[in-house]
Amino acid sequence: MKSELHVPSDLNFLNIVENWLLGCLKIQLGESVDWSRQSSRLRLALVEAYSNVVRHAHKEQPNLPVLLRLELKERDLALEVWDYGEGFDMSTYFPPNPVAKQEGGYGWLIMNRLMDKVEYQLQVDGANCLKLEATLPELVQKS
Numbered sequence: 174m175k176s177e178l179h180v181p182s183d184l185n186f187l188n189i190v191e192n193w194l195l196g197c198l199k200i201q202l203g204e205s206v207d208w209s210r211q212s213s214r215l216r217l218a219l220v221e222a223y224s225n226v227v228r229h230a231h232k233e234q235p236n237l238p239v240l241l242r243l244e245l246k247e248r249d250l251a252l253e254v255w256d257y258g259e260g261f262d263m264s265t266y267f268p269p270n271p272v273a274k275q276e277g278g279y280g281w282l283i284m285n286r287l288m289d290k291v292e293y294q295l296q297v298d299g300a301n302c303l304k305l306e307a308t309l310p311e312l313v314q315k316s
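Counted from 1, the sequence shown has number 296 at position 123 by my numbering; the numbering is strictly sequential.
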């Protein structure tokens, strides 16, 4: 299953983005997933990715679109978040040091903890792509 969503760079669309992702997955996977556990994990990763685009990549320019692509094969999902900003040079990223009371930089850490794989590609056909991958475990039925 593949799905795409084009949305403005505006945090008011966050609910729509979340409902699109979870709605698509629930239609395909139904009750075979522990949604109480998986939806919060996926929602947090998506919110982090989308809000980074709005706040940093597009710098509050709602006219710039955000493209979201979802692909689901069996239980493996790949979510791509495309932006049209300058992009982020990952070589300048350093994980936050809690002792230093650093304010930013936690998003990358959070996404890497929540997802199985996180990749970022700078400038592919004029856009940047953040790819989040995860395998959704099958719900174990209690007998």
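All C-beta atoms, glycine included, are put in the ideal place defined by N, C-alpha and C. Quantities reported herein were computed from a predicted structural model and do not represent experimental measurements.
Where residue i sits in the DSSP three-state scheme
i: S182; result: coil
i: V206; result: coil
i: V313; result: coil
i: Q148; result: The structure shown does not extend to residue 148, since the chain is modelled only from 174 to 316, so the question has no answer here.
i: R242; result: strand
i: K304; result: strand
i: K232; result: coil
i: E221; result: helix
i: E177; result: strand
Residue closest to residue i, alpha-carbon to alpha-carbon, out of the options
i: W193; options: V313, D298, L241; result: L241
i: V220; options: V239, M174, L312; result: V239
i: H231; options: E259, C302, L287; result: E259
i: G280; options: A222, Q201, V190; result: A222
i: L295; options: F261, R216, M174; result: F261
Exposure of residue i, with buried meaning 16 or more beta-carbon neighbours within 10 Å
i: V254; result: buried
i: M288; result: buried
i: L252; result: buried
i: D256; result: buried
i: N225; result: buried
i: N188; result: exposed
i: L309; result: buried
i: M284; result: buried
Identified DSSP bridge partners for residue i
i: E253; result: R242, K304
Check whether residue i and residue j have beta carbons under 8 Å apart
i: L215; j: E306; result: no
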